[in-house]
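Each protein sequence line maps, in turn, to chains Z and S. Residue 151 in the numbering used here sits at position 151 of the first sequence; the count goes up by one each step and never skips. Heads up: take any position in the second sequence, counting from 1, add 1000, and you land on the numbering used here. Even glycine gets a Cβ: it sits at the ideal position worked out from N, Cα and C. Small disclaimer: the values here were computed from a predicted structure and weren't measured.
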Amino acid sequence: MSTLNFTILSVLVGLAIYVGGHLFGVGYLFFAGYTILQYVVLSSAWNILGGYCGYVNFGSAAFFALGAYSTVFFYKFHPMPIPVLIVISAVVSGIVGLGMGYLTLRLRGAFFAIATLAMAVVLQTLVVNWSYVGGSRGAYIVRADTITIAGYSIEYIEYLFLLMMAIAILSIVISRTIARTQLGFGFATIRDDELAAESSGVPTLRLKLIATTISGALMGMAGAPFPYYIGYLQPASAFGLEYGVNSIAMPIIGGTTSWVGPLIGAVLLGSLQQIATVTISSAVNLLIVGLLLVAFVIIAPNGLVGLVQSWQRERSPK
Amino acid sequence: MSALLHVKNISKRFGGFVALDGIELEVAKGERLGLIGPNGSGKSTLVNCICGALQNEQGSVHFDGEKMDGLAAHERTHRGLARSFQLPRPFVSLNLADNLRVPMLYTVHKRSGPLHADSIDARCHELLRLVGLDQKARHMPRDLTQVEMRKLELARAVAAEPKLLIADESMAGLSHSEIEDILLLLKQLNESGITIILIEHIMSAVMSFSQRLVVLVSGKKIADGKPEDVVRDPEVVRAYLGQ
């Protein structure tokens, strides 16, 4: 399927989900759906660097928070529409992603992971001490109940849901397009063997910088509407552990070598977490992720997609 | 005729250990050069310095009239330098055809403009046929035997359409007939116009392949000349057999 057809199909599926949710008539569905979509974006973005290139980023929360705090900054500085804030957040997080890549991509394996974790700590410390964006006290964002788009008045949460749906579609389309083009081949060679990649003519450093920039920008976009969603943003929630952990766990559980894996992982795990939040408690979320992650690393190290592929291989006669 | 590769007085140290000590080497266009030396004599370090995996501290490398110093490995590949690795390093998550597609997409593309997808496919299969792996185009590298892995390694280097191919111990651990296979392949490549440096321990292979032989011992070049003269050189005999 061509990228254009795939994009059109994704938009139709997205709209169908929206209309379906509307017919169901429970406003909470959009509230929960927003979080699941947000994880679709985060895990697809993480997977571009972590799954395709093999560089494990523990600092997803930092990019997410950068997006969220860009919104807070501009909300205070000069209010503007959320779509504009999303673009600004993408630029800010993309630039930070590029910078992080430039400073840390000469490191491999555990050292790279530690460096990304350290960056998240540094950024959080900066935000905590920056009173303009609320510092450790946090910042309030007042949003309207409804918003009027082209003459139609819709609930604000539905508006946020639609925005996040658009970002999720964008990140899936980008992720899929990369996997099918020359860039995807280049990323795979980096994951497999950088020395051999270089000697085949792959400019590994440049490709890794492209990956950190795209990955960072998408994560920032996921964070941009967050202050409007939550209403009160504090460093502990923007830099929350669940973002870093989920954006690693979801692609690994789904499967890291294709664009489908992070999508499946995010939808499954995200829904499970939402159900657990309503039925048991929100504190049990990370426990679920942890246990599933351990189970998958042992039973299906290539995720659900890998599991299905190996079944197909066994069933097809050689 | 000017040399295709000119290595001028290069030196490389690892801490206090001098791996290469003032190596001079010229390789003419179309030549088949053998490079031998005991283990640890600096052969692979020399290859790494020529190909850009390591940067030499002294001296310089000129290739096809251009200075290579400071260029990254992939930039040297773009200019026509290709190598195979001593231990095969295939892209394990890509099938055989895709392994060859990488240098075509990133090197040949770059040099001669975009190729059509069909012509890349055709070229992949042509190369796999050349090394006798065309039946396994969709297989993964982990399904290959040792000799097939080495053939894939050579095919991937050739896929970059190099002017100079450095084959680093492509035959270690192979049987006699497998060595013949690879030698034949290298000679075919040479006839198609590729200059080749062969690094090898198996003397029968080196002697039948090389037009000229260079010997490295402890990071120094101790002999350079016709193969039959070099192997009789008392200094070379001493280095290999001891006194």
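Skipping 5 residues on each side, what residues in its chain have a beta carbon closer than 8 angstroms to that of residue i?
i       : result
Z/V92   : L66, G67, S70 and G220
S/H1246 : Chain S is shown from 1001 up to 1243; residue 1246 of chain S falls before or after that span and cannot be answered.
Z/K76   : Y132, V133 and A139
S/S1245 : Only positions 1001 to 1243 of chain S appear in the structure, and residue 1245 of chain S is not among them; the question remains open.
Z/A150  : none
Z/V40   : A168, S171, I172, P262, L263, A266, V267 and G270
Are the Cβ atoms of residue i and residue j separated by less than 8 angstroms?
i       : j       : result
S/L1216 : S/V1206 : no
Z/P235  : Z/I86   : no
S/V1245 : S/I1023 : What is shown of chain S runs 1001 to 1243, which leaves residue 1245 of chain S out entirely.
Z/Y102  : Z/L160  : no
Z/I141  : Z/V72   : yes
S/T1195 : Z/G201  : no
Z/G59   : Z/L117  : yes
Z/S10   : Z/V173  : yes
S/P1141 : S/N1099 : yes
S/I1166 : S/R1089 : no
Z/A115  : Z/L107  : yes
Z/I253  : Z/L293  : yes
Z/A222  : Z/Q38   : yes
Z/I190  : Z/L207  : yes
S/V1102 : S/E1161 : no
When the Cα of residue i is compared with those of the options, which residue comes out closest?
i       : options                               : result
Z/V162  : Z/G20, Z/T3 and Z/L4                  : Sequence inspection shows Leu at residue 162 of chain Z; the Val mentioned does not correspond to that position. When each option's Cα is compared against that of Z/L162, the closest is Z/G20.
S/E1228 : S/S1210, S/E1191, S/H1062 and S/G1016 : S/S1210
Z/T213  : Z/F63, Z/V11 and Z/L23                : Z/F63
S/R1013 : S/V1147, S/M1068 and S/E1057          : S/E1057
S/K1008 : S/A1019, S/E1026, S/V1102 and S/Q1146 : S/E1026
S/R1212 : S/L1128, S/I1202 and S/L1035          : S/L1035
S/A1157 : S/A1172, S/P1114 and S/Q1086          : S/Q1086
Z/F342  : Z/T277, Z/I299 and Z/L307             : Absent from the structure is residue 342 of chain Z, since the part of chain Z shown begins at 1 and ends at 318.
S/A1072 : S/Q1055, S/S1084 and S/E1031          : S/Q1055
Z/G270  : Z/S258, Z/V245 and Z/V294             : Z/V245
S/L1144 : S/I1050, S/C1049 and S/V1092          : S/V1092
Z/I36   : Z/I17, Z/G54, Z/F24 and Z/G186        : Z/I17
Z/S199  : S/K1221, S/V1131 and S/L1105          : S/L1105
S/L1005 : S/L1186, S/E1200, S/L1100 and S/G1080 : S/G1080
Z/L272  : Z/L291, Z/T256, Z/Q182 and Z/L209     : Z/L291
Z/M164  : Z/T7, Z/G14, Z/I8 and Z/F185          : Z/G14
S/M1203 : S/H1109, S/G1037, S/H1074 and S/A1053 : S/G1037
S/L1186 : S/H1109, S/V1147 and S/R1032          : S/R1032
Z/R143  : Z/S310, Z/S237 and Z/P81              : Z/P81
S/L1246 : S/D1069, S/A1019, S/N1039 and S/E1200 : Nothing about residue 1246 of chain S can be reported from this structure: the residues present for chain S run from 1001 to 1243 only.
S/G1030 : S/D1168, S/I1179, S/S1218 and S/L1164 : S/L1164
S/L1174 : S/R1111, S/H1201 and S/A1159          : S/H1201
What did DSSP end up calling residue i once you bin it into helix, strand or coil?
i       : result
S/D1021 : strand
Z/F58   : coil
S/D1064 : coil
S/E1169 : coil
S/H1109 : helix
S/A1072 : coil
S/N1190 : helix
Z/A144  : coil
S/K1012 : strand
S/V1236 : helix
S/I1179 : helix
S/A1160 : coil
S/L1087 : coil
Z/S200  : coil
Z/Q234  : coil
S/D1098 : helix
Give every residue of the same chain whose Cβ lies closer than 7 angstroms to the Cβ of residue i, excluding the five residues on either side of it in the sequence, and list them in chain order.
i       : result
Z/P251  : S43, W46, N47, G50, G51, G261, P262 and G265
Z/S153  : T146
S/H1139 : N1095 and L1096
S/R1123 : M1104
Z/A300  : G306 and L307
Z/Y274  : For the sequence presented, residue 274 of chain Z should be read as Gln rather than Tyr. The answer, listed in chain order, is A32, T35 and I36.
Z/R176  : F6 and W259
Less than 6 angstroms between C-beta atoms, sequence neighbours within five positions excluded: which residues of the same chain meet that for residue i?
i       : result
Z/F239  : A61, A65 and Q124
S/V1131 : K1151 and A1155
Name, going along the chain, the residues of the region 1086-1120 of chain S whose beta-carbon falls closer than 8 angstroms to a beta-carbon of chain Z. R1089, P1090, F1091, V1092, S1093, L1094, D1098, R1101, V1102, P1103, L1105, Y1106, T1107, H1109 and K1110
For the region 188-201 of chain Z, list every residue whose C-beta sits within 7 angstroms of some C-beta in chain S, in sequence order. A188, T189, R191, D192, D193, L195, A196, E198, S199, S200 and G201
Got a sec: which bits of the region 1038-1060 of chain S sit with their beta carbon under 7 angstroms from any beta carbon on chain Z, in order along the chain? C1051 and A1053
Residues of the region 1063-1078 of chain S in Cβ contact with chain Z at a cutoff of 9 angstroms, in chain order, please. A1072, A1073, H1074, E1075, R1076, T1077 and H1078
So if I threshold CB-CB distances at 7 angstroms, which residues from the region 1143-1167 of chain S count as touching chain Z? R1156 and A1160
Just by C-beta distance, which residues in the region 50-65 of chain Z are closer than 8 angstroms to chain S? none
Under 8 angstroms, CB to CB, which of the residues in the region 202-229 of chain Z have a partner in chain S? V202, P203, T204 and L205
At a CB distance below 8 angstroms, what residues from the region 171-190 of chain Z approach chain S? Give them in sequence order. Q182, F185, G186, A188 and T189
Output, in sequence order along the chain, the residues in the region 237-266 of chain Z whose CB is closer than 8 angstroms to any CB in chain S. T257
Interface positions of the region 1123-1135 of chain S facing chain B (Cβ-Cβ less than 9 angstroms), listed along the chain: Any reference to chain B falls outside this structure, whose protein chains are Z and S.
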